[in-house]
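Worksheet for the structure shown next.
Chains as they are written, first to last, in this note's numbering: chain A, 35 to 354; chain B, 2 to 264.
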């Protein structure tokens, strides 16, 4: 039995990711369930393994419901407490997962297009990378790009100077009529941003789903590529500093000019097909997760349920 | 009563009046008006009519001479130049522009703003389809020739009572804005746009965010917004004194794209 725990009151996509894993594992006959942080105490304590979609936001979510201590206590009943990571490991956002207590997590599974480090441990915890593949359901319903999409490109996320400059560059290099939703950084719930269904609707009518890199270290950003490709949009990450690191990934470009050239030379249909084939070739995310879980040391770390939780940033905002 | 309305009837929604108030911005006018002229070309290609109005608020930098030579280069009625006989402030200049607008939908831009010409058509489509009082979209703020941030980049939420994030550079329904009394600056110097937004909210009017980019907002070193001191609590005193938030029937989260619908 695998239990996935997600923050319920902060950013919506963690719940989506938890249910995505659970759905894929259930299809393969693995017993798995997803539960919000504040409801973790209701789960069976005999389960061996809990996978946590953002420890920091789970704690924040439980605290907002007045259940932080219950959440921490419930978490510590699991021998294996695995952080399922979607953050850049070189940022303070990642560090916040450890401010509640280093011993709260026993392992890290990093989900993304590439491993973020060659090290086998981070903060003394075993680190394993899992490719961010499609789920089995997604594999069965992939859309293809077709001409006539009304939105030439879309940039979605939180506002920062880098992204503002990227918007300006897209207008000048690609075309003026792109979709731009970049509100100030804040928790990204269904009403403060776009939920999964709205995002699908937008990407289903968009040619290029573009994002940049405001991190000083190579970081691909989760969710973006599979969301785009599944809806027939072409993912395009513009990363002048680290594009060489991502050379094996077909949609990372050093500049908008390079993206523009690729569109002209290959055509959008071919770019989408290439991206889709790349993702499909990796299999289903549930299988990849099981492989990662199976190869882990099951050693149990010290129980810290009685330790008072340290203070942590309560904003819940995540500049991912 | 405005000139147009006193002549009876509502203005047609088949065009856009581009309104540019100016006060001592001669050095920036050429860039601004060039973008407006380009936008007019794109609108006309899409069978949308266009009028450009520049209201000079008693400039002392020679703007008037420049504006008149510019208007003479274009067909009569295409660029309307209005010279105010005295400096009456931004709100009054915008209200004069509205009163001269031939079309129901007015795109306001300051003299140091720059439109993205191709995108104005989408804003016209959005306001026509939603019948909103205002449709606004992202503005790219440029300071010292460098993009520094986005403005007007969020839908309406209660932070709008604390500080303004929706600039006047947007498309408004001139009939509706006139109906509620137009722009008013007496208690909001340099924040007339904020005052209008809060007034429209109080009047339960639709304010729609279009997730596209309307233009560039060039930050001038000595612009009015930079040099005018303003106590922001004054606005709350008028519009949210009891801190009860939006009127119960006002719907703040209004995001619309003409090709995608409500989001």
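C-beta atoms are modelled at their ideal positions from N, C-alpha and C, and glycine is treated no differently.
### Task
Say whether chain A places a C-beta atom closer than 8 Å to the C-beta of residue 116/B.
No, residue 116/B lies away from the interface with chain A (no Cβ there is under 8 Å from its Cβ).
### Query
What are the residues that DSSP puts in a beta bridge with residue 155/A?
Answer is 160/A.
### Task
May I ask you to list the residues that DSSP assigns as paired with residue 258/B?
Assignment of beta-bridge partners to residue 258/B by DSSP yields 262/B.
### Query
So what's residue 228/B in DSSP terms, helix, strand or just coil?
If DSSP states are grouped into helix, strand and coil, residue 228/B belongs with the helices.
### Message
Does residue 145/B pass the burial test, meaning 16 or more other C-beta atoms within 10 Å, or should it be called exposed?
### Response
Classification of residue 145/B: exposed, given that the 10 Å Cβ count is below 16.
### Query
So, using beta-carbon positions, are residue 50/B and residue 15/B closer together than 8 Å?
For residue 50/B and residue 15/B, yes; Cβs fall inside 8 Å.
### Task
Could you tell me which chain A residues have their CB closer than 9 Å to the CB of residue 161/B, listed as they occur along the chain?
Using a Cβ-Cβ cut-off of 9 Å, residue 161/B is close to nothing in chain A; its nearest Cβ partner there is about 13 Å away.
### Residues that residue 213/B contacts on chain A, provided the C-beta gap is smaller than 8 Å
Near residue 213/B (Cβ distances below 8 Å), the residues of chain A are 211, 212, 213 and 214.
### Task
Look at the alpha carbon of residue 213/B and the alpha carbon of residue 213/A, and state the distance between them as a whole number of angstroms.
Whole-angstrom Cα-Cα distance: 5 Å.
### Task
Would you mind working out which of 192/B, 216/B, 253/B and 42/B sits nearest residue 232/B, comparing C-alpha positions?
The residue with the shortest Cα to Cα distance from residue 232/B is 192/B.
### Alpha-carbon to alpha-carbon, residue 200/B and residue 157/B
In a straight line, the C-alpha of residue 157/B is about 13 Å away from that of residue 200/B.
### Task
For residue 43/B, collect the residues of the same chain with a Cβ closer than 8 Å to its Cβ; drop the 5 residues on either side in sequence, then sort them by chain order.
Short of 8 Å from the beta carbon of residue 43/B, and not among the five residues preceding or following it, lie these beta carbons of its own chain, in chain order: 118, 119, 121 and 122.
### Query
CB-CB under 6 Å to residue 247/A, same chain, minus the five flanking residues each way: which ones, in chain order?
The residues 273, in chain order, have a CB closer than 6 Å to that of residue 247/A in the same chain once the five nearest residues on each side in sequence are set aside.
### Message
If you reduce the DSSP assignment to three classes, tell me which class residue 110/B lands in.
### Response
The DSSP-derived three-state label of residue 110/B is coil.
### Query
Which residues share a DSSP beta bridge with residue 114/A?
In the DSSP output, where bridge partners are listed per residue, residue 114/A has 83/A.
### Task
Using a cut-off of 8 Å between C-beta atoms, extract the partners of residue 204/B located in chain A.
Chain A residues near residue 204/B: none, gap ~23 Å exceeds 8 Å.
### Task
Indicate whether at least one CB of chain A lies closer than 8 Å to the CB of residue 168/B.
Not an interface residue.
### Message
Cutting at 8 Å between CB atoms, please list the residues of its own chain near residue 81/B, excluding the five before and the five after it.
### Response
Cβ neighbours of residue 81/B beyond the five flanking positions: 52, 53, 54, 55, 72 and 101.
### Query
Using a C-beta cutoff of 8 Å, does residue 258/B count as contacting chain A?
The beta-carbon of residue 258/B is placed less than 8 Å from the nearest beta-carbon of chain A.
### Task
Might you give, ordered along the chain, the residues of its own chain that have their beta carbon closer than 6 Å to the beta carbon of residue 36/A, omitting 5 neighbours on each side?
For residue 36/A, the CB contacts under 6 Å within the same chain, skipping 5 residues up- and downstream, are 66 and 83 in chain order.
### Query
Within this structure, are the beta carbons of residue 68/A and residue 134/A separated by less than 8 Å?
No, the Cβ-Cβ distance between residue 68/A and residue 134/A is not below 8 Å.
### Query
Would you say residue 228/A faces chain B, with C-beta separation under 8 Å as the test?
Contacts with chain B at 8 Å (Cβ-Cβ) include residue 228/A.
### Message
Strictly under 8 Å for the Cβ-Cβ distance: is residue 148/B near chain A by that measure?
### Response
Using beta-carbon distances, residue 148/B counts as an interface residue toward chain A, with a partner under 8 Å.
### Task
Could you name the residues of the same chain whose beta carbon sits closer than 7 Å to that of residue 118/A, not counting the 5 residues immediately before and after it, in chain order?
Only residues of its own chain outside the window of five on either side were considered, and among them 85, 86, 87, 143 and 145 have a CB closer than 7 Å to the CB of residue 118/A, listed in chain order.
### Task
For residue 198/A, return the contacting residues in chain B, with the cut-off set at a CB-CB distance below 9 Å.
Near residue 198/A (Cβ distances below 9 Å), the residues of chain B are 139, 141, 142, 148, 149, 150, 151 and 154.
### Query
Taking the beta strand (DSSP E) that residue 142/B falls in, what are its first and last residues?
Segment 135–144, the beta strand (DSSP E) holding residue 142/B.
### Message
Could you pull the DSSP bridge partners for residue 167/A from this structure?
### Response
Per DSSP, none; premise fails for residue 167/A.
### Query
Do the region 232–240 of chain A and the region 144–159 of chain A touch if we need at least three Cβ pairs shorter than 8 Å?
With the cut-off at 8 Å, the region 232–240 of chain A and the region 144–159 of chain A do not touch.
### Query
For residue 150/B, which residues of its own chain have a beta-carbon under 6 Å away from its beta-carbon, when the five flanking residues on both sides are left out?
Hits under 6 Å: 142.
### Task
Name the two residues that bound the continuous beta strand (DSSP E) containing residue 213/A.
Where residue 213/A is concerned, the enclosing beta strand (DSSP E) stretches over 213–215.
### Message
Short of 7 Å Cβ to Cβ, which residues in the region 118–136 of chain B face chain A?
### Response
So the close ones are 119, 120 and 123.
### Task
Could you have a look at residue 23/B and say whether DSSP puts it in helix, strand or coil?
Here residue 23/B sits in strand by DSSP.
### Task
Inspect the beta-carbon positions of residue 81/A and residue 112/A and report whether they are closer than 8 Å.
The answer is yes: Cβ separation under 8 Å.
### Task
Measuring alpha carbon to alpha carbon, tell me which of 76/B, 221/B and 64/B ends up nearest residue 83/B.
When each option's Cα is compared against that of residue 83/B, the closest is 64/B.
### Message
So residue 92/B and residue 85/B are supposed to be a Cβ contact under 8 Å. How far apart are they, rounded?
### Response
That belief does not hold up - the Cβ atoms of residue 92/B and residue 85/B are roughly 12 Å apart, past 8 Å.
### Message
Could you tell me the alpha carbon to alpha carbon distance between residue 62/B and residue 223/B, rounded to whole angstroms?
### Response
A direct Cα-to-Cα measurement between residue 62/B and residue 223/B gives close to 15 Å.
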